[in-house]
Amino acid sequence: MSLTRRIALPGLSRRRRWLFVAFVVVSVATVLFALTRPTPGPAPASSTAPTPQVSAAPSGGPDSKSLATAPAVGGGEGGGAPRTTDFRRLAAAAATAVYTWDTRKASYSEVYSGLRNWWHVLPDGSNPLAVFVQEFEATGINAGTYQYLAGQRAVRSATVESMMCDSELAKVRERPAPWAGLHVCTVSLRVLDQSASTRNTYTAPVSVMVNCPPAASAPADHCIMVGFYAAPNRVLY
0 MSLTRRIALP
10 GLSRRRRWLF
20 VAFVVVSVAT
30 VLFALTRPTP
40 GPAPASSTAP
50 TPQVSAAPSG
60 GPDSKSLATA
70 PAVGGGEGGG
80 APRTTDFRRL
90 AAAAATAVYT
100 WDTRKASYSE
110 VYSGLRNWWH
120 VLPDGSNPLA
130 VFVQEFEATG
140 INAGTYQYLA
150 GQRAVRSATV
160 ESMMCDSELA
170 KVRERPAPWA
180 GLHVCTVSLR
190 VLDQSASTRN
200 TYTAPVSVMV
210 NCPPAASAPA
220 DHCIMVGFYA
230 APNRVLY
């Protein structure tokens with residue numbers, strides 16, 4: 000039995016060596032494959048990136064109805080209507096006041112109420128405050144735009160270039176004033192708008208209605224403004 004074992008040992012040893020060599024070869028091949036295998040790089044970024052969406056802020060200016068009922072706050076840039084029986088002087092001053100304000104010195108409420116104090120509602124209600132609001136906004140100003148312009152430190156000023164009154168206006172000749180003492184003047188203004196970054200000049204017409212003695216609806220000793228038109232389609236020529 001020992002002889003048989005001795006005869007078998009050489010073959011067994013050769014087989015074991017072959018298996019060991021094969022194992023080593025396979026192991027080396029595996030290591031080499033792992034070392035030489037290319038490493039995958041990161042996935043390429045997409046060529047189109049999403050664009051961020053910007054939402055517009057809603058505008059929040061008050062409407063005409065709310066402005067018509069705004070309480071009086073005090074004098075604005077107009078400084079108050081002159082106390083005079085000269086209707087031309089009052090018309091020129093009123094037209095200038097319509098196009099005069101300074102965002103550095105007065106709020107919109109102060110400008111609005113200051114000019115509102117010039118406007119006297121007639122006993123028959125033919126010149127309601129709703130018309131005042133409409134015509135004032137026709138100059139390009141409301142609470143929203145004024146707030147924006149305040150950030151630009153904007154100032155508006157005006158000077159009189161020319162003026163025509165009563166029979167000098169074709170529309171008044173066609174339809175004369177309904178009572179003595181009521182006058183209509185159309186004033187041509189040279190307006191200057193200035194801000195921190197801009198400066199602009201232009202011409203703006205304003206028709207002003209002035210009520211003077213001897214009208215029963217006017218004070219006995221001075222004239223009052225009872226209306227103005229700034230919208231281009233309402234100015235009288």
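In numbering that gives the first Met the number 0, the protein residues as written are 0 to 236. From the three backbone atoms N, C-alpha and C, an ideal C-beta is built for every residue, glycine too. None of the values given here were measured: they were computed from a predicted structure.
In angstroms, rounded to a whole number, what distance separates the CA positions of Pro122 and Ser216? Here residue 122 is taken as the residue at index 123 of the sequence shown, counted from 1. Here residue 216 is taken as the residue at index 217 of the sequence shown, counted from 1. About 7 Å.
Span of the beta strand (DSSP E) holding Val205? Taking the sequence shown and counting its residues from 1, the one referred to as residue 205 is at position 206. From DSSP, the beta strand (DSSP E) with Val205 extends over Arg198 to Asn210.
Give the range of the alpha helix (DSSP H) segment to which Ser194 is assigned.
-> In the sequence shown, residue 194 corresponds to position 195, counting from 1. Unbroken run through Ser194: none, as it is neither H nor E.
Near Ser161, which residues of its chain fall below 6 Å by C-beta distance, leaving aside the five closest residues on each side in sequence? Against the sequence shown, residue 161 aligns to sequence position 162. Only Ser187 meet the Cβ criterion.
I need the straight-line Cα distance from Glu134 to Pro204, nearest angstrom please. For the purposes of this step, residue 134 is taken as the residue at position 135 of the sequence shown. For the purposes of this step, residue 204 is taken as the residue at position 205 of the sequence shown. Put simply, the backbone Cα of Glu134 is about 12 Å away from that of Pro204.
> When burial is assigned at 16 or more other CB atoms within 10 Å of the CB, is Trp178 buried or exposed?
Replying inline: Translated into the one-based positions of the sequence shown, residue 178 becomes position 179. Trp178 counts as exposed, since fewer than 16 other beta carbons sit within 10 angstroms of its beta carbon.
**Asked** Of the residues Ala92, Arg103 and Asp85, which one's Cα is nearest the Cα of Ser194?
**Response** Looking up residue 194 in the sequence shown gives position 195. When each option's Cα is compared against that of Ser194, the closest is Arg103.
- Task: Closer than 8 Å by C-beta to Thr84: which residues in its own chain qualify, once you throw out the five before and the five after it? Chain order, please.
- Result: Locating residue 84 in the sequence shown gives position 85, where the first residue counts as 1. Correct list, in chain order: Cys211, Pro212, Asp220, His221 and Cys222.
Nearest candidate by alpha-carbon position, reference Val207, set Arg82, Pro218 and Tyr236: Against the sequence shown, residue 207 aligns to sequence position 208. Closest option to Val207, Cα to Cα, is Tyr236.
Handout entry: Residues of its chain near Gly226, where Cβ-Cβ distance is below 6 Å and the 5 sequence neighbours each way are ignored
Key = Translated into positions along the sequence shown, residue 226 becomes position 227. Once the five neighbours on either side are set aside, the close Cβ partners of Gly226 are Asn126 and Met208.
Using the Cβ count rule (16 or more neighbours within 10 Å means buried), how would you classify Gly150? Within the sequence shown, numbered from 1, the residue matching residue 150 stands at position 151. Answer is exposed; the Cβ neighbour count stays below 16.
Along the beta strand (DSSP E) that carries Val154, what are the first and last residues, could you check? Position 155 of the sequence shown, counted from the start, is the residue given in the question as residue 154. Residues Val154 to Cys164.
_I'd like to check one pair, Ala91 with Ala80: are the Cβ atoms closer than 9 Å?_
Numbered from its first residue, the sequence shown carries residue 80 at position 81. Numbered from its first residue, the sequence shown carries residue 91 at position 92. Not closer than 9 Å, so no.
Exercise for the section: Return helix, strand or coil for Arg174, following the three-state DSSP convention. Expected result: For the purposes of this step, residue 174 is taken as residue 175 along the sequence shown, with counting starting at 1. In the structure shown, Arg174 sits in coil (DSSP, three-state: anything other than H, G, I, E or B).
Exercise. In its own chain, which residues sit with a C-beta less than 7 Å from the C-beta of Leu89, not counting the 5 before and 5 after it?
Worked result: Indexing the sequence shown from 1 puts residue 89 at position 90. Correct list, in chain order: Ala80, Pro81, Thr83, Val209, Cys222 and Met224.
Host beta strand (DSSP E) of Tyr228 (start-end) | Looking up residue 228 in the sequence shown gives position 229. Counting along the chain, the beta strand (DSSP E) containing Tyr228 begins and ends at Ile223 to Tyr228.
Check your understanding: For Ile140, which residues of its own chain have a beta-carbon under 6 Å away from its beta-carbon, when the five flanking residues on both sides are left out?
Key -> Numbered from 1 along the sequence shown, position 141 holds the residue referred to as residue 140. Nothing meets the Cβ criterion.
key: Beta carbon of Thr185 nearer than 9 Å to that of Asp192   = As a first step, residue 185 must be located in the sequence shown, where it is residue number 186. As a first step, residue 192 must be located in the sequence shown, where it is residue number 193. No. Outside cutoff.
### Query
Who are the Cβ neighbours of Ala137 in its own chain at under 6 Å, not counting the five residues just before and after it?
Here residue 137 corresponds to residue number 138 of the sequence shown, with the count starting at 1. Cβ neighbours of Ala137 beyond the five flanking positions: Ala229 and Ala230.
Margin query: On a Cα-Cα basis, can you pick out the residue from Arg152, Ala96, Met163 and Phe86 that is closest to Val234?
Written below: As a working mapping, residue 234 is identified with position 235 in the sequence shown. If we check each option's Cα against that of Val234, Met163 comes out closest.
Quick check: what's the CA-CA separation for Val154 versus Val183? Locating residue 154 in the sequence shown gives position 155, where the first residue counts as 1. Locating residue 183 in the sequence shown gives position 184, where the first residue counts as 1. Looking at the two C-alpha atoms, the distance is approximately 28 Å.
(message) Going by DSSP, what residue range makes up the alpha helix (DSSP H) through Arg115?
(response) Here residue 115 corresponds to residue number 116 of the sequence shown, with the count starting at 1. Counting along the chain, the alpha helix (DSSP H) containing Arg115 begins and ends at Tyr107 to Arg115.
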